[in-house]
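K.L.:
In UniProt numbering, the protein residues as written are 1 to 93. Questions regarding the structure given below will be posed in turn.
Right under this line is the structure:
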C-alpha cells in the first residue's frame, strides 16, 4: 500500500538531488543513506532521477523538484540514514 502511494506521488516529483561533502562528519548520515537505502528507493521510484552531488565543504541537503518548477530543500546535517529516508518520503506525501 505504501509503495503504491509512493509511486503515485512520485509522478509529481521530477527529480531528487542529494548534496553532500565526501569528508565531513555532518554528511556521514547521508553517505550511510546512500549505501543502505539508495537502491531500494530507486526501485520504488524508477522513473525519477536521483542525483548525488559531492562537493567539499558544503552542507548536506536534499532538493526535490516538482511539477511547475517548484523546488523544496531539506537540511540533512548530522542526521542518521533512517531519519534521512523518512524526510525524503515526506516529499512524496
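Quick reminder that beta carbons are idealized off the backbone N, C-alpha and C, glycines included.
So, under 8 Å CB-CB, residue 23 and residue 56 are touching, yes? Tell me the CB distance rounded to an integer number of Å.
P.N.:
Along the chain shown, read from residue 1 onward, the residue named residue 23 stands at position 23. Along the chain shown, read from residue 1 onward, the residue named residue 56 stands at position 56. Yes, residue 23 and residue 56 are in contact; Cβ-Cβ is about 7 Å, under 8 Å.
K.L.:
Grouping DSSP H, G and I as helix and E and B as strand, with all else coil, what is residue 64?
P.N.:
Position 64 of the chain shown, counted from the start, is the residue given in the question as residue 64. In this structure, residue 64 counts as strand in the three-state DSSP scheme.
K.L.:
What is the rounded straight-line gap between the Cα of residue 94 and the Cα of residue 66?
P.N.:
Any property of residue 94 remains undetermined from this structure, which presents the chain solely from 1 to 93.
K.L.:
State the Cα-Cα distance for the pair residue 2 and residue 89, rounded to the nearest angstrom.
P.N.:
Along the chain shown, one-based indexing puts residue 2 at 2. Along the chain shown, one-based indexing puts residue 89 at 89. Residue placement at residue 2 cannot be trusted, given a pLDDT of 47 that sits under 50; what the coordinates show is reported in the next sentence. C-alpha separation (whole angstroms): 10 Å.
K.L.:
Extract the residue ranges of the alpha helix (DSSP H) inside the UniProt domain "Ribosomal protein/NADH dehydrogenase" (22-93), only unbroken runs of 4 or more that lie entirely within it.
P.N.:
DSSP runs (the alpha helix (DSSP H)) wholly in the UniProt domain "Ribosomal protein/NADH dehydrogenase" (22-93): 28-44 and 81-91.
K.L.:
Please classify residue 5: is it buried, with 16 or more other beta-carbons within 10 angstroms of its beta-carbon, or exposed?
P.N.:
Residue mapping note: residue 5 aligns to position 5 of the chain shown, counting from 1. The pLDDT assigned to residue 5 is 48, lower than 50, so where the model puts this residue is not dependable; a value taken from the coordinates is nonetheless given after this. Label assigned to residue 5: exposed.
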